[in-house]
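Novice: Chains as they are written, first to last, in the UniProt record's numbering: chain X, 1 to 731; chain B, 1 to 150. The structure under discussion is supplied below as structure tokens; questions concerning it will follow.
Spelled out as structure tokens, the structure:
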């Protein structure tokens with residue numbers, strides 16, 4: 001028996017699943033089809049999940065996993081409304097660019113970034129679960145001959161008033177005549193009070209494998225007959241190999257082929273060791289015409305600083321309210337300072353790696369890669385081979401960290417694996433060394449920021465003007481997107497809107513400077529530096545007003561009660577009011593709509609210039625928390641990330657080449673410099689807003705403000721390296 | 001041909017004697033739990049035990065460990081139930097997880113040297129290994145939990 005109820009927008013996915021028992025197709029617009037086939041007993045409930053007669057509930061995971069635990073958290077949201085037993089749930093990674101699963105926040109693009117996975121899928125995945133639960137109730141009602149309303153569900157079971165229990169698996173094996181699909185928008189969602197999964201500390205699914213060495217990353221993929229490749233890349237962006245002498249490299253035992261790429265030379269060998277050895281023997285001449293050869297981070301930052309102070313500079317208004325210029329002009333006094341920040345590197349511990357196996361016709365390919373986007377990885381492969389999407393078999397691997405590293409529209413490491421495989425007619429794994437990853441990194445942009453604000457004689461803020469001179473990040477890592485959104489670059493500017501404060505006369509401007517490095521989104525994006533400047537400046541204003549930094553901020557959050565709560569909470573946690581001689585620094589920032597108030601306590605070693613952070617307290621509001629223990633872990637990780645980038649992380653560029661090479665000259669924070677971190681997560685009845693980045697933006701300013709408390713001097717150039725701290729102390 | 005003991009079993013590999021132990025473990029012997037992170041003894045993702053001592057397997061040539069006993073994360077316990085692994089799961093330590101094999105192997109070496117380490121001793125010892133996700137405080141808690149069991 002097969003019946004079909006078709007509505008518009010039938011996905012090809014439905015048509016592919018000929019053996020389905022029951023298929024609902026849920027796009028962004030809601031359910032659109034059901035297909036019944038009682039011979040095959042699997043209940044294939046909408047595109048998002050399948051229920052087997054044995055009770056297994058397979059839920060699609062539409063994002064990609066880089067450590068943030070969306071892999072567990074997103075299916076939990078669906079399982080909640082389905083009333084599934086979490087132990088019955090099997091998680092299925094989405095391995096194709098199927099926009100029906102796209103994140104609504106990104107217009108349906110499969111893109112895992114910006115702390116948006118829970119936020120974006122919270123509604124559609126819960127509705128998918130609720131729809132399927134409703135259908136299961138209908139089937140059960142038919143079977144039992146009772147009213148649907150008389151039934152209830154718990155843990156993968158429908159329960160009748162007389163106590164009869166029907167498992168979801170048993171219902172999955174049943175016919176479906178007469179089933180009505182409830183409308184996506186009309187379906188009733190649970191009262192949060194009755195949540196059994198959302199808000200509970202359910203262990204992550206991936207932790208056992210990650211505690212036993214069994215988790216498989218792209219760099220671990222092993223295929224029959226697979227070759228290994230490393231790529232000698234152009235030392236400067238924009239150059240190309242003009243002459244390749246590979247005679248000596250080819251003599252290395254195990255070398256299969258040397259493949260010239262648009263911006264590098266790929267050495268393909270039987271082993272990674274042989275490929276690495278042969279790469280050292282390559283003699284390559286590069287073109288010397290790239291404008292990037294003039295890139296020099298010191299002069300870049302100086303030019304940005306000049307631009308930000310140039311009253312004639314072109315600006316793109318990022319956020320505006322009232323009339324900041326007049327308010328500042330009419331203020332009793334004004335304060336203005338310049339803040340600088342250097343390039344920073346993602347430093348994910350798994351360097352770039354990808355495996356490709358190109359079909360003999362050169363148009364089909366199977367690819368294993370860890371990236372933050374099925375969509376742009378698919379795009380990269382299609383462009384590389386000149387092929388169509390249906391010829392691509394993709395495996396989205398769990399990533400060894402990413403933090404924005406693997407977001408680009410064109411993914412060169414994927415491209416190189418595909419080109420190398422096509423050239424040698426074998427599966428090829430491309431592995432980047434750490435040096436490759438640093439030298440060819442894509443960075444958080446350098447920025448120069450000028451802040452100016454007015455004060456009244458009674459110590460109130462009047463007028464705020466935040467100018468940010470930095471390039472467009474989107475314009476580099478996704479140029480097509482930039483054509484649509486320019487001149488508004490959320491990656492470059494986030495945080496400068498200072499939206500958690502109520503400032504009547506406010507303006508934030510983007511001075512879009514020339515790009516002089518490869519750029520990418522980075523944990524916290526713009527807020528990683530705009531909140532440094534804004535919150536360090538806020539402290540300077542408080543001081544100029546002769547007021548306590550907490551009281552000064554509290555005045556500005558009178559209309560933001562949730563923010564006010566966080567500031568008061570973190571003050572309480574850290575003993576702010578009774579801090580005595582302790583060097584505490586306060587900050588209040590966040591990410592998107594998630595807020596974080598933080599206090600850092602520091603000690604300073606004057607002779608070495610080292611800042612030792614001895615404690616951090618944070619109070620965070622990220623709306624409803626789906627997975628509290630993981631949220632805590634993510635927020636803490638974000639704080640550690642912020643601490644690390646505040647103290648030591650810095651990329652320099654000279655003549656177009658990245659100066660740093662590895663973790664010995666790009667220092668990220670180690671265990672012995674990580675303080676106790678106390679985190680309070682506010683319990684609020686509001687939609688979730690993301691936890692992956694909220695911890696990061698407030699840290700650097702909290703440390704800078706604590707430094708002022710410790711030594712009475714301001715740190716206005718991030719990172720606060722030992723040499724910079726020493727020079728500030730000596731000034 | 002190099003012979004050594006890997007996770008309790010004798011192995012013989014026909015690889016260049018200067019090839020990194022890390023790559024031999026991963027690519028010749030197929031144990032992928034030991035990770036490449038930096039190749040420079042800076043991140044510890046490649047940490048294994050050689051004759052009981054923690055070593056960066058990216059710093060050893062396979063020829064140098066002839067006859068030695070090498071233990072990787074796969075050999076720490078037969079079924080993933082070493083007290084540290086149980087503690088790692090209890091404390092939900094990993095985020096991306098990429099560094100955690102190395103962290104656990106480093107922690108195992110610590111506990112064999114010092115069964116009751118203080119928080120400061122843990123932090124100092126574990127400073128050989130980087131975690132970019134920032135799970136350090138959970139690592140400390142997990143090591144303390146495991147120390148109660150070892």
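Every residue gets a Cβ at the ideal spot worked out from N, C-alpha and C, and that includes glycine. Computed from a prediction, not measured in an experiment: that's the story for all the values here.
Around the C-beta of residue 474/X, are 16 or more other C-beta atoms found within 10 angstroms, so that it is buried, or is it exposed?
Specialist: Residue mapping note: residue 474/X aligns to position 474 of the first chain, counting from 1. Looking at its Cβ environment, which holds 16 or more other Cβ atoms inside 10 Å, residue 474/X is buried.
Novice: Going by C-alpha to C-alpha distance, which of 124/X, 590/X, 525/X and 516/X sits closest to residue 490/X?
Specialist: Indexing the first chain from 1 puts residue 490/X at position 490. If we check each option's Cα against that of residue 490/X, 525/X comes out closest.
Novice: Please find out if some non-hydrogen atom of the ligand NAP comes closer than 8 Å to the beta-carbon of residue 69/B.
Specialist: What this structure holds is no ligand at all, so the ligand NAP is not there to describe.
Novice: Cβ atoms of residue 637/X and residue 133/B: under 9 Å apart, would you say?
Specialist: Taking the first residue of the second chain as position 1, residue 133/B is located at position 133. Taking the first residue of the first chain as position 1, residue 637/X is located at position 637. For residue 133/B and residue 637/X, yes; Cβs fall inside 9 Å.
Novice: Decide if residue 50/X is buried, meaning its Cβ has at least 16 other Cβ atoms within 10 Å, or exposed.
Specialist: Indexing the first chain from 1 puts residue 50/X at position 50. Residue 50/X should be labelled buried.
Novice: From the DSSP output, in three-state form, read off residue 190/X for me.
Specialist: Taking the first residue of the first chain as 1, we reach residue 190/X at position 190. The answer is coil: DSSP assigns residue 190/X none of H, G, I, E or B.
Novice: Taking Cβ to Cβ, would you say residue 506/X is nearer than 9 Å to residue 356/X?
Specialist: Sequence index remark: in the first chain, residue 506/X carries index 506 (1-based). Sequence index remark: in the first chain, residue 356/X carries index 356 (1-based). Contact flag unset, no.
Novice: By a C-beta neighbour count over all protein chains shown, 10 Å radius and 16 as the cutoff for buried, is residue 17/B buried or exposed?
Specialist: Residue 17/B sits at position 17 when you count from the first residue of the second chain. By the neighbour-count rule (16 or more Cβ atoms within 10 Å), residue 17/B is not buried but exposed.
Novice: Return the chain-ordered ranges of every beta strand (DSSP E) run that is complete within the region 631-684 of chain X and spans a minimum of 3 residues.
Specialist: 677-681
Novice: Measure the Cβ-Cβ separation of residue 508/X and residue 565/X and say whether it is below 9 Å.
Specialist: Walking along the first chain from the start, residue 508/X turns up at place 508. Walking along the first chain from the start, residue 565/X turns up at place 565. Cβ atoms of residue 508/X and residue 565/X: not closer than 9 Å.
Novice: Taking C-beta pairs closer than 7 Å, name the residues in chain X that residue 156/B reaches, listed in chain order.
Specialist: In this structure chain B extends from 1 to 150, so residue 156/B is not present and cannot be described.
Novice: If you measure between the beta carbons of residue 195/X and residue 237/X, is that distance less than 9 Å?
Specialist: Along the first chain, read from residue 1 onward, the residue named residue 195/X stands at position 195. Along the first chain, read from residue 1 onward, the residue named residue 237/X stands at position 237. Residue 195/X is not a Cβ neighbour of residue 237/X, given a cutoff of 9 Å.
Novice: Tell me whether the beta-carbon of residue 272/X lies closer than 9 Å to the beta-carbon of residue 232/X.
Specialist: For the purposes of this step, residue 272/X is taken as residue 272 along the first chain, with counting starting at 1. For the purposes of this step, residue 232/X is taken as residue 232 along the first chain, with counting starting at 1. No.
Novice: I want to see whether chain B comes within less than 9 Å of residue 273/X, judged by CB atoms only; does it?
Specialist: To locate residue 273/X, count along the first chain from 1; it is residue 273. So yes, residue 273/X belongs to the interface.
Novice: Put residue 310/X into one of helix, strand or coil per three-state DSSP.
Specialist: The sequence position of residue 310/X within the first chain is 310, counting from 1. If DSSP states are grouped into helix, strand and coil, residue 310/X belongs with coil.
Novice: Give me the DSSP bridge partner(s) of residue 357/X.
Specialist: Reading the first chain from its first residue, position 357 is the one you call residue 357/X. Per DSSP, 366/X.
Novice: With distances taken between CB atoms, is the gap from residue 21/B to residue 48/B smaller than 9 Å?
Specialist: Translated into the one-based positions of the second chain, residue 21/B becomes position 21. Translated into the one-based positions of the second chain, residue 48/B becomes position 48. Cβ distance < 9 Å, so residue 21/B and residue 48/B count as in contact.
Novice: So, helix, strand or coil for residue 474/X, using DSSP?
Specialist: Position 474 of the first chain, counted from the start, is the residue given in the question as residue 474/X. Helix at residue 474/X.
Novice: Under 7 Å between beta-carbons, which chain X residues line up against residue 45/B? List them in chain order, please.
Specialist: Reading the second chain from its first residue, position 45 is the one you call residue 45/B. What residue 45/B touches in chain X: 349.
Novice: Is it the case that the Cβ atoms of residue 738/X and residue 339/X are separated by a distance below 9 Å?
Specialist: Nothing in the structure corresponds to residue 738/X, since chain X is present only between 1 and 731.
Novice: Quick one: which residues of the region 6-40 of chain B get their C-beta closer than 9 Å to a C-beta of chain X? List them in chain order.
Specialist: 15, 16, 18, 19, 20, 23, 24, 26, 27, 28, 30, 31, 32, 33, 34, 35, 36, 37, 38, 39 and 40
Novice: Helix, strand or coil: which one does DSSP assign to residue 557/X?
Specialist: As a first step, residue 557/X must be located in the first chain, where it is residue number 557. In this structure, residue 557/X counts as helix in the three-state DSSP scheme.
Novice: Between residue 71/B and chain X, is any beta-carbon pair separated by less than 9 Å?
Specialist: Mapped onto the second chain, residue 71/B falls at position 71. No - not a single Cβ of chain X is within 9 Å of the one on residue 71/B.
Novice: Going along the chain, which residues of its own chain have a beta-carbon closer than 7 Å to the beta-carbon of residue 693/X, five neighbours each way excluded?
Specialist: Counting from one through the first chain, the residue named residue 693/X turns up at place 693. Same-chain partners within the cutoff: 115, 523, 524, 591 and 638.
Novice: Can you list, in chain order, the residues of its chain whose CB lies under 7 Å from that of residue 723/X, leaving out five sequence neighbours each side?
Specialist: As a first step, residue 723/X is located in the first chain; it is residue number 723 there, counting from the start. A distance below 7 Å between beta-carbons, with the five flanking residues on each side excluded, links residue 723/X to the following residues of its chain, in chain order: 609.
Novice: Any chance the region 414-429 of chain X sits against the region 258-266 of chain X, with 3 or more Cβ pairs inside 8 Å?
Specialist: yes
Novice: Should residue 538/X go down as buried or exposed, given a rule of 16 or more other Cβ atoms within 10 Å for buried?
Specialist: In the first chain, residue 538/X corresponds to position 538, counting from 1. Flag for residue 538/X reads buried.
Novice: Three or more C-beta pairs closer than 8 Å, one from the region 47-66 of chain X and one from the region 370-381 of chain X: is that the case here?
Specialist: yes
Novice: Would you call the region 581-590 of chain X and the region 532-547 of chain X in contact, with 3 or more CB pairs under 8 Å?
Specialist: yes
Novice: Mapping DSSP to helix, strand and coil, what is residue 217/X?
Specialist: The residue given as residue 217/X occupies position 217 in the first chain. Residue state, collapsed to three classes: strand.
Novice: Are the Cβ atoms of residue 97/B and residue 404/X separated by less than 9 Å?
Specialist: Along the second chain, one-based indexing puts residue 97/B at 97. Along the first chain, one-based indexing puts residue 404/X at 404. By the CB criterion at 9 Å, residue 97/B and residue 404/X fall outside the cutoff.
Novice: Please state if the CB of residue 211/X and the CB of residue 94/B are separated by a distance shorter than 9 Å.
Specialist: Along the second chain, read from residue 1 onward, the residue named residue 94/B stands at position 94. Along the first chain, read from residue 1 onward, the residue named residue 211/X stands at position 211. Yes, Cβ-Cβ distance for residue 94/B and residue 211/X is below 9 Å.
Novice: According to DSSP, is residue 110/B part of a helix, a strand, or is it coil?
Specialist: Here the question's residue 110/B lines up with position 110 in the second chain. If DSSP states are grouped into helix, strand and coil, residue 110/B belongs with the helices.
Novice: Excluding five sequence neighbours on each side, which residues of the same chain lie with their C-beta closer than 6 Å to the C-beta of residue 13/B?
Specialist: Walking along the second chain from the start, residue 13/B turns up at place 13. The residues are 2, 24 and 28.
Novice: Could one say the Cβ of residue 3/B lies closer than 9 Å to chain X's Cβ atoms, at least one of them?
Specialist: In the second chain, the residue the question calls residue 3/B occupies position 3. Not closer than 9 Å to any Cβ of chain X, the Cβ of residue 3/B fails to qualify, so no.
Novice: Using only the alpha-carbon positions, how far apart do residue 705/X and residue 613/X sit?
Specialist: Position 705 of the first chain, counted from the first residue, corresponds to residue 705/X. Position 613 of the first chain, counted from the first residue, corresponds to residue 613/X. Residue 705/X and residue 613/X: Cα-Cα distance of roughly 12 Å.
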